[in-house]
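Residue numbers (my numbering): 66 to 501.
For reference, the structure discussed in these notes is given below.
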């Protein structure tokens, strides 16, 4: 493993910001930053420090990178071309750019030239400065980056995500402007949409081209579709603004026959300075405020609460009632279960001394009685049921066993077509007990 002491120190400091047991290289979101550490160091060398130092470094780098016909510079050419910069500070800047490979010095020709990292920094800086003039929302820069990647066949998931986030933010801002009902905010949002309209249309074309690529990875394809939907929503926003403005026009108040409206008055007031607006107040307001300025509906609600609701709450009894003795169990209504069928069948089963077919055992007057008897046969020999008290427990304690065969027979019983073949027979353990 190779590396410089500075790099090892940098790794140690980076590891210190994480919890114990966390390895920086194992974090998916951090890995791309570690991979581009050389480029990040170049940007750190350019932008570290105060604003004056940053501007001086960028001035030197942009000056040296602007000469395309002769890309190499001698030290004297640099001093001559940047003679308006203090020589000591200029030498410090050149050495700093050289130490971070932003400038490369050729010992053979003894000349400087902008290195690959420096060219990347200049390209990124030139693009951002170009879009800074008429791209306040940043949509143009993001769309241009995506278009550039699409042109060379390198569509970045991160660039799609950034563009989708910015479109979502713009849509939220426009929706809030509509919900506010303010003509001023809606018109300002409409102007803002007009300023990004070109980039939205251009982005729509780029996304349409991206989605047609066969080799596009699934994550990028899903993001591209989401970007397309967000762009379509922004394109429909112009109609929403126009409808809201039409509603405002319908409710606009006109000031007599002057041709002026309340919107004109609001616009004129917005154009006035704060001191001019404050001067309009002189002698116009009196304190305390006279009665016509009171909100009568609010005053009525407050008076109703003070005079009625408060008194009603104070007079309301909220204490719990006293405890009462529970009623005697003898006074509770009771109902007796009809156990005639169970008792009769228990007496019949108790007389079985030889095997009896199941069909003959289930004979009843109707289907309900036969089904009732069949459900009780499952209790025979059940130790849990036999341990209880009652008629079913007595039935479970009978010395009988139920044997079921895996076939069906016609029992010739009312409303029963088929029943499992089987029989009841005395248990062997009962016989042994009787002989003993």
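C-beta: ideal position from N, C-alpha, C; glycine also.
Span separating the alpha-carbon of residue i from that of residue j
i           : j           : result
residue 110 : residue 138 : 21 Å
residue 486 : residue 389 : 60 Å
residue 480 : residue 471 : 21 Å
residue 240 : residue 86  : 45 Å
residue 256 : residue 308 : 15 Å
residue 76  : residue 286 : Confidence at residue 76 is low in this model, with a pLDDT of 49, below 50, so the placement of that residue should be treated as unreliable; the coordinate-derived value is given next. Cα to Cα, residue 76 sits roughly 36 Å from residue 286.
residue 346 : residue 339 : 11 Å
residue 301 : residue 127 : 42 Å
residue 220 : residue 159 : 36 Å
residue 72  : residue 132 : Because the pLDDT at residue 72 is just 46, under 50, the model does not fix this residue reliably, and the value given afterwards should be weighed accordingly. Rounded to whole angstroms, residue 72 to residue 132 spans 34 Å at the Cα level.
residue 265 : residue 97  : 29 Å
residue 422 : residue 410 : 15 Å
residue 366 : residue 393 : 53 Å
residue 180 : residue 169 : 5 Å
residue 482 : residue 425 : 14 Å
residue 500 : residue 391 : Bear in mind that the predicted position of residue 500 carries a pLDDT of just 34, short of 50, making it too unreliable to give a figure here.
residue 92  : residue 140 : 44 Å
residue 233 : residue 306 : 17 Å
residue 373 : residue 362 : 16 Å
residue 182 : residue 101 : 11 Å
residue 94  : residue 171 : 37 Å
residue 238 : residue 231 : 11 Å
residue 467 : residue 489 : 5 Å
residue 326 : residue 337 : 17 Å
Close Cβ partners of residue i (< 8 Å) along its chain, the five nearest in sequence each way excluded
i           : result
residue 154 : 121
residue 236 : 295, 298, 299, 302
residue 383 : none
residue 418 : 491
residue 452 : 458
residue 342 : 334
residue 447 : 461
residue 108 : 186
Where the beta strand (DSSP E) through residue i begins and ends
i           : result
residue 471 : 465 to 474
residue 179 : 176 to 179
residue 448 : Premise fails: residue 448 lies in the alpha helix (DSSP H), 448 to 451, not in any beta strand (DSSP E).
residue 489 : 484 to 491
residue 171 : 168 to 171
Beta-carbon proximity list for residue i, same chain, < 7 Å, skipping 5 on both sides
i           : result
residue 444 : 450, 457, 460, 461
residue 291 : 229
residue 222 : 284, 285, 288
residue 404 : 456
residue 463 : 414, 415, 445
residue 83  : 89
Alpha helix (DSSP H) segment containing residue i, residue limits
i           : result
residue 153 : 152 to 164
residue 140 : 140 to 146
residue 286 : 283 to 300
residue 214 : 204 to 216
residue 83  : Counting along the chain, residue 83 falls outside any alpha helix (DSSP H), and DSSP gives it neither H nor E.
residue 249 : 248 to 276
residue 367 : 361 to 369
residue 93  : No alpha helix (DSSP H) contains residue 93, which DSSP labels as neither H nor E.
residue 230 : 222 to 245
residue 344 : 339 to 344
residue 411 : 405 to 415
residue 438 : 432 to 442
residue 376 : 375 to 380
residue 456 : 456 to 461
Top-ranked residue by Cα proximity to residue i, from the options
i           : options            : result
residue 312 : 365, 251, 345, 281 : 251
residue 156 : 177, 136, 173      : 177
residue 274 : 218, 452, 300      : 218
residue 310 : 227, 297, 328      : 328
residue 477 : 464, 453, 447, 428 : 428
residue 164 : 149, 151, 119, 106 : 106
residue 474 : 484, 467, 466      : 484
residue 271 : 361, 238, 213      : 213
residue 441 : 414, 420, 431, 452 : 414
residue 193 : 438, 182, 210      : 210
residue 280 : 145, 215, 115      : 215
residue 149 : 124, 225, 408, 173 : 124
residue 143 : 129, 84, 182       : 129
residue 174 : 377, 136, 146      : 136
residue 167 : 489, 225, 104      : 104
residue 99  : 406, 79, 432, 326  : 79
residue 304 : 332, 336, 254      : 254
residue 433 : 406, 360, 371, 336 : 406
Spatial neighbours of residue i in its chain, beta-carbon cut-off 6 Å, leaving aside the 5 residues before and after
i           : result
residue 112 : 119
residue 268 : 208, 296
residue 469 : 485, 487
residue 498 : Note that residue 498 has pLDDT 38, beneath the 50 cutoff, so the model's placement of it is unreliable and no number is given.
At least three beta-carbon pairs within less than 8 Å, the segment 242 to 257 to the segment 180 to 193: Verdict: no, contact absent.
At least three beta-carbon pairs within less than 8 Å, the segment 259 to 278 to the segment 200 to 211: Below 8 Å, enough C-beta pairs join the segment 259 to 278 and the segment 200 to 211 to call them touching: three or more.
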